[in-house]
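Those protein sequence lines, which keep their order, are chains F and U.
Each residue of the first sequence is one higher than the one before, starting from 1 at the first, in my numbering.
Each residue of the second sequence is one higher than the one before, starting from 330 at the first, in my numbering.
All C-beta atoms in this analysis are idealised placements derived from N, C-alpha and C, irrespective of residue type, glycine included.
Protein chains: 2
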Amino acid sequence: MDLDSIIESVKNYEGITRKKPIKEVVSLLNDVDKVSGKTYISFGDDASAIRIGDGKLLLIAADGIWGRLMEADPYWAGYCSVLVNVNDIAAMGGTPIGMVNVLSVKDKETCRKVMEGIKDGVEKFGVPMVGGHVHPDTPYNALDVSITGLVSEDAIITSCDAKPGDKIIIGIDLDGRQHPSFPLNWDTTSHKKPELVRAQIKIMEEIASKKLLTAGKDISNPGTLGTLGMLLEASNVGATIELEKIPKKKGIKWEDWLRLYPGAGFVLTTKPENTRECISLLESVNITSNVAGEIINEKKLYITLDDEKKTLFDFEKDLIMGIQEETQK
Amino acid sequence: MDLDSIIESVKNYEGITRKKPIKEVVSLLNDVDKVSGKTYISFGDDASAIRIGDGKLLLIAADGIWGRLMEADPYWAGYCSVLVNVNDIAAMGGTPIGMVNVLSVKDKETCRKVMEGIKDGVEKFGVPMVGGHVHPDTPYNALDVSITGLVSEDAIITSCDAKPGDKIIIGIDLDGRQHPSFPLNWDTTSHKKPELVRAQIKIMEEIASKKLLTAGKDISNPGTLGTLGMLLEASNVGATIELEKIPKKKGIKWEDWLRLYPGAGFVLTTKPENTRECISLLESVNITSNVAGEIINEKKLYITLDDEKKTLFDFEKDLIMGIQEETQK
């Protein structure tokens with residue numbers, strides 16, 4: 001196991017490098033929350049949050065399904081469009097309410113497969129797909145899904161509130177398989193009963209309502225360390241991670257494991273006194289969890305393995321999204 | 330002026346014919362609202378509605394911006410993505426809360442233009458774009474926007490509750506121009522101050538809260554009569570429309586006028602005793618409004634002009650969306 005090789009493979013992974021244009025897009029929308037004055041979180045988190053009164057926040061997220069996934073397996077793309085959106089709301093500590101989609105298809109067969117995947121996703125996760133828009137005549141196939149959820153302002157989990165001294169918990173459901181048509185998807189839900197899958201989403205609501213976290217994100221396209229990197233960037237802090245404390249399925253190479261998109265996986269930060277309860281709640285729903293590191297003041301992400309310590313990201317130089325997030329408290 | 334030519338041009342307009350695949354897509358999702366049991370309106374309306382307690386409904390809508398519009402004018406596509414979504418919430422009698430977008434671009438220049446259009450739309454309509462997703466590397470340019478709003482269950486405006494004997498009010502802001510790069514867009518907002526544009530959205534909330542309507546939709550891609558057709562289909566009724574009662578800008582051919590997508594335009598149904606108040610509210614914000622017809626039991630849309638009476642749609646045979654809507658009351 002070679003730390004340099006692991007670091008290289010993570011740093012150059014397209015799941016991370018393609019996040020860069022976020023900065024450019026967001027900079028064009030600088031003043032957006034002046035118009036209503038109710039925005040609580042805008043760009044840079046798993047979902048955005050808007051005050052709707054009575055201490056409640058409306059959560060909205062949107063995910064475009066990566067074209068590669070649509071090409072590799074339209075059914076799985078449809079299924080994943082539900083999975084990723086529901087996880088975005090879970091990662092904020094919220095309750096998912098409903099989804100809408102925009103489906104662009106060039107042929108009926110793709111349309112049918114995507115919709116079957118969506119249907120199975122809806123039944124697995126228990127969140128309705130209530131509407132949308134169909135482009136029946138596009139020269140390409142694409143799927144965008146948006147989800148809305150609700151959360152209390154005093155319970156929301158953000159990406160931007162990790163503080164030096166916080167412990168980093170990484171939780172990943174190890175009971176899965178690499179999806180045959182898209183091996184970077186760590187499929188942890190297809191073979192599971194809806195009850196357990198829904199409980200994995202629900203546990204984040206419970207952890208949030210108990211205020212056990214300082215920050216958190218669901219592990220998505222950038223993989224475990226890329227997702228952590230985005231959290232660090234949003235919080236304007238750094239971290240040290242002990243590689244071997246990251247929960248991992250035996251028999252999969254680290255280079256692959258760290259780039260996988262798990263069906264149920266979270267990067268969370270907690271005060272040291274809350275780590276035990278948090279881990280115990282996650283493990284009650286089959287999400288294997290460890291304290292894998294600590295938040296530090298220095299704006300770097302260090303990875304350690306045995307006696308080695310290397311820099312994965314230097315946030316003074318390396319930008320993932322290029323934006324920092326701030327809640328409007 | 331030839332009624333047959335007008336009917337032919339409306340019937341064969343792509344803005345209407347491309348709604349057909351909705352049926353096929355929806356049929357694949359038949360059972361979606363079984364999963365949460367909270368869905369109030371799913372497919373077939375301008376926005377979907379989900380119960381969130383205390384008599385409140387969450388509204389969610391999604392619109393994919395037509396590829397043609399993206400090609401013709403990316404700035405205008407960005408601007409319109411805000412306009413169409415805000416109108417979807419207005420058409421339900423709701424308050425728009427916030428939007429998210431998924432932007433797929435193949436080049437930076439298009440990205441910049443789309444985002445500038447979004448920014449100007451946000452400033453005009455006063456609804457924040459709070460987040461989203463960027464695909465920086467797609468072989469095509471596409472923009473999907475989703476909006477969330479709130480409305481009381483006892484005030485929501487649906488498409489499916491028009492009843493025989495109701496009057497049909499058509500309201501269109503005549504102070505506009507055909508957009509130079511997309512002449513089927515009747516641009517009524519670019520040149521107006523945000524105050525008036527926002528008041529045109531707000532007036533629908535007031536009309537809804539006063540319970541003046543039985544049904545309503547905003548006029549969108551299918552044009553005035555195509556939109557009315559979708560409302561009739563959703564309500565399982567028919568109508569007679571007097572062509573010359575439809576508010577119209579002088580100097581534009583009927584064949585064009587009826588296919589235009591206006592920046593502020595609504596097709597509404599009311600009990601006869603409420604028409605006057607409804608029209609007076611719409612006209613207070615510069616939306617010229619007339620009683621242009623009546624809902625009938627027979628499932629046809631008839632158009633009359635002088636002594637002529639012709640059938641535009643026979644809903645026993647012609648389907649626009651192919652679905653009927655039912656609120657889960």
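Should valine 415/U and glycine 461/U be called a contact, given that it needs their Cβ atoms to be closer than 7 Å?
Cβ atoms of valine 415/U and glycine 461/U: not closer than 7 Å.
Going by DSSP, name the residue or residues bridged to methionine 129/F.
Methionine 129/F pairs with Met99/F.
Counting only Cβ-Cβ distances shorter than 7 Å, please list the residues of the segment 153-185 of chain F near chain U, keeping chain order.
Cβ contacts with chain U: none found.
Just the C-alpha distance for valine 456/U and aspartate 417/U, rounded to the nearest angstrom, thanks.
Roughly 13 Å separates the two Cα atoms.
Looking at C-beta atoms only, is the number of pairs between the segment 158-172 of chain F and the segment 109-122 of chain F that lie closer than 8 Å three or more?
Segments in contact, no.
Residues of chain U with CB closer than 9 Å to the CB of methionine 58/F, please, in chain order.
Per the sequence shown, the amino acid found at residue 58/F is leucine instead of methionine. Per Cβ cutoff of 9 Å: Leu387, Ile426, Gly427, Thr477 and Leu479.
Taking 7 Å as the CB-CB cut-off, is alanine 544/U touching chain F?
By this cut-off, alanine 544/U is not an interface position.
Would alanine 391/U and serine 475/U qualify as a contact pair, given that the criterion is a beta-carbon distance under 7 Å?
Yes.
Straight-line CA distance for serine 106/F to serine 5/F?
Looking at the sequence itself, residue 106/F is lysine, so the reference to serine does not match. Taking the straight line from one Cα to the other gives about 41 Å.
So what's asparagine 297/F in DSSP terms, helix, strand or just coil?
Coil at asparagine 297/F, not helix or strand.
Of all the options Ile530/U, Leu561/U, Gln529/U and Phe454/U, which has the alpha carbon lying nearest to the alpha carbon of alanine 544/U?
If we check each option's Cα against that of alanine 544/U, Leu561/U comes out closest.
Find the residues of chain F that neighbour serine 371/U, judging by a C-beta separation of less than 7 Å, and give them in chain order.
In chain order: Val130 and Gly131.
Comparing the C-beta of alanine 90/F with each C-beta of chain U, is any distance below 7 Å?
False, the Cβ-Cβ gap to chain U never drops below 7 Å.
Does alanine 391/U come within less than 7 Å of chain F when only Cβ atoms are used?
Chain F, which has a Cβ nearer than 7 Å to the Cβ of alanine 391/U, makes this yes.
Evaluate proline 591/U with the Cβ neighbour count: other Cβ atoms within 10 Å of its Cβ, from every protein chain shown; 16 or more gives buried, anything less gives exposed.
So proline 591/U ends up on the buried side.
Of all Cβ atoms in chain U, is any one closer than 7 Å to the Cβ of glycine 55/F?
No, because no Cβ of chain U sits closer than 7 Å to the Cβ of glycine 55/F.
Cβ closer than 7 Å: which chain B residues qualify as neighbours of aspartate 473/U?
Among the protein chains in the structure shown, which are F and U, there is no chain B.
In three-state terms, what does DSSP make of asparagine 414/U?
DSSP places asparagine 414/U in helix when its eight states are reduced to three.
Using a Cβ cut-off of 7 Å (strictly closer), state whether serine 48/F contacts chain U.
Closer than 7 Å: yes.
Excluding the five sequence neighbours on either side, which residues of its own chain have a C-beta within less than 7 Å of the C-beta of aspartate 218/F, listed in chain order?
Only Asp46, Asn87, Asp88, Ala90, Ala91, Gly265 and Phe266 meet the Cβ criterion.
Cβ of glycine 344/U within 7 Å of Cβ of asparagine 514/U?
Contact flag unset, no.
DSSP three-state label for alanine 208/F, please.
Here alanine 208/F sits in helix by DSSP.
Are there 16 or more other CB atoms within 10 angstroms of the CB of methionine 330/U, so buried, or fewer, so exposed?
That one is exposed.
Quick check on the burial criterion: 16 or more other C-beta atoms within 10 angstroms. Buried or exposed for histidine 464/U?
Under this definition histidine 464/U is a buried residue.
Alpha carbon to alpha carbon, how far is proline 509/U from leucine 228/F? Give it in angstroms, no decimals.
Near 47 Å, if we compare the C-alpha coordinates of proline 509/U and leucine 228/F.
Any beta carbon of chain F sitting closer than 7 Å to that of serine 365/U?
Serine 365/U counts as touching chain F.
Restricting to Cα atoms, I'd like to know which of Leu589/U, Gly622/U, Lys629/U and Glu534/U is closest to lysine 577/U.
Minimum Cα distance to lysine 577/U is reached at Leu589/U.
Judging by CA-CA distance, which residue of Glu606/U, Ser481/U and Leu525/U is the nearest neighbour of leucine 541/U?
When only C-alpha atoms are compared, the closest one is Glu606/U.
Relative to the C-alpha of valine 291/F, which candidate in Ser104/F, Trp257/F, Thr240/F and Lys210/F has its C-alpha closest?
Residue Thr240/F is the option with its Cα nearest to valine 291/F.
Do the CB positions of leucine 597/U and isoleucine 485/U come within less than 7 Å of each other?
No, these two residues do not count as a Cβ contact at 7 Å.
Would you mind telling me which residues of chain F sit closer than 8 Å to threonine 368/U, beta carbon to beta carbon, in chain order?
Residues of chain F passing the Cβ test: Gly98, Pro128 and Val130.
Please report how far the alpha carbon of histidine 191/F lies from the alpha carbon of isoleucine 7/F, in whole angstroms.
Approximately 32 Å, taken between the alpha carbons.
Put aspartate 4/F into one of helix, strand or coil per three-state DSSP.
DSSP places aspartate 4/F in helix when its eight states are reduced to three.
Determine the chain F residues that contact valine 526/U at a beta-carbon separation under 8 Å, and present them in chain order.
The contacting residues do not exist; valine 526/U stays about 12 Å from chain F at best.
Determine the closest residue to glycine 567/U out of Val459/U, Asn341/U and Leu641/U, with distance taken between C-alpha atoms.
The option with the nearest alpha carbon to glycine 567/U is Leu641/U.
When DSSP builds the beta bridges, which residues end up paired with lysine 167/F?
According to DSSP, lysine 167/F bridges with Thr270/F and Glu294/F.
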